[in-house]
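Working notes, beginning with the structure itself.
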Ligand SMILES: CC(C)(COP(=O)(O)OP(=O)(O)OC[C@H]1O[C@@H](n2cnc3c(N)ncnc32)[C@H](O)[C@@H]1OP(=O)(O)O)[C@@H](O)C(=O)NCCC(=O)NCCS
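Right, dumping it as structure tokens:
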């Protein structure tokens, strides 16, 4: 990770935070880059943040450049969602640092199993995740039904 000790004019460095009071407009701008999240709006994102248990963000000065978030019972299970790094900043270990900060977060240290759904299994396998024999199923509510 290019951390705070690697400051130079040519080397951007990134700060990481677990504060949840982030600007939902910046988050929605990040969501625009992810096919599964590019229709999300500021109001819903703001509400989502208030109900999410752990949020890890990456910053280049005041710009939100990465995020990952966790829903959990703090003991048995935690699910990881919305791991996104701004395309401009990908390939600089930000995603790796976000996942490691989730796995090592003090509030999550008792969690037995972390679960996630991904289209990038290679990225997570390098971080120790495996698919084992688990299969996932989803039930999705339509956009129309969500607005009723
Ligand atoms: C996947 C993602 C979060 C990775 O973030 P990143 O900061 O670019 O990743 P890192 O720089 O920490 O990369 C770590 C390693 O994973 C690899 N990697 C990065 N993105 C990858 C991807 N999409 N698929 C497979 N491997 C990937 C890198 O090549 C690197 O490998 P190396 O250590 O051998 O060099 C980022 O590319 C992203 O936001 N993609 C779009 C959204 C997405 O697909 N999210 C994941 C689905 S939940």
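Numbering (my numbering), first residue to last: 7 to 154. Glycine included, C-beta positions come from ideal geometry on N, C-alpha and C. The structure presented is a predicted model; accordingly, all values stated were derived computationally and were not measured.
Check the C-beta distance from residue 28 over to residue 77 and give it rounded, since I have them as a contact under 8 Å. Against the chain shown, residue 28 aligns to sequence position 22. Against the chain shown, residue 77 aligns to sequence position 71. The beta carbons of residue 28 and residue 77 sit about 17 Å from each other, so the pair does not count as a contact at 8 Å.
The alpha helix (DSSP H) enclosing residue 36, as first and last residue numbers: To locate residue 36, count along the chain shown from 1; it is residue 30. It spans 30-37 - the alpha helix (DSSP H) in which residue 36 sits, taken as one unbroken run.
For residue 154, which residues in the same chain have their Cβ closer than 6 Å to its Cβ, ignoring the five residues on either side in sequence? The sequence position of residue 154 within the chain shown is 148, counting from 1. Exclusion of the five residues before and after residue 154 leaves no residue of its chain whose Cβ lies closer than 6 Å to its Cβ.
Residue 64 vs residue 104 beta-carbon contact at 8 Å: Walking along the chain shown from the start, residue 64 turns up at place 58. Walking along the chain shown from the start, residue 104 turns up at place 98. Yes; because the gap between Cβ atoms is below 8 Å, this pair is in contact.
Cα separation between residue 151 and residue 83? Here the question's residue 151 lines up with position 145 in the chain shown. Here the question's residue 83 lines up with position 77 in the chain shown. Whole-angstrom Cα-Cα distance: 29 Å.
Please classify residue 119 as buried or exposed, where buried requires at least 16 neighbouring CB atoms within 10 angstroms. As a first step, residue 119 is located in the chain shown; it is residue number 113 there, counting from the start. Around the beta carbon of residue 119, fewer than 16 other beta carbons lie within 10 angstroms, which makes this residue exposed.
If I'm right that residue 37 touches residue 43 with Cβ under 8 Å, what's the distance once you round it to whole angstroms? Here residue 37 corresponds to residue number 31 of the chain shown, with the count starting at 1. Here residue 43 corresponds to residue number 37 of the chain shown, with the count starting at 1. Confirmed, about 4 Å.
With respect to the alpha helix (DSSP H) encompassing residue 50, which residues constitute its N-terminal and C-terminal limits? Here residue 50 refers to the residue found at position 44 when the chain shown is read from its first residue. Per DSSP, the unbroken alpha helix (DSSP H) holding residue 50 starts and ends at 48-57.
Would you list, in sequence order, the uninterrupted alpha helix (DSSP H) runs of no fewer than 4 residues that lie entirely inside the stretch 73-139? Here the runs fully enclosed are 100-109, 127-131.
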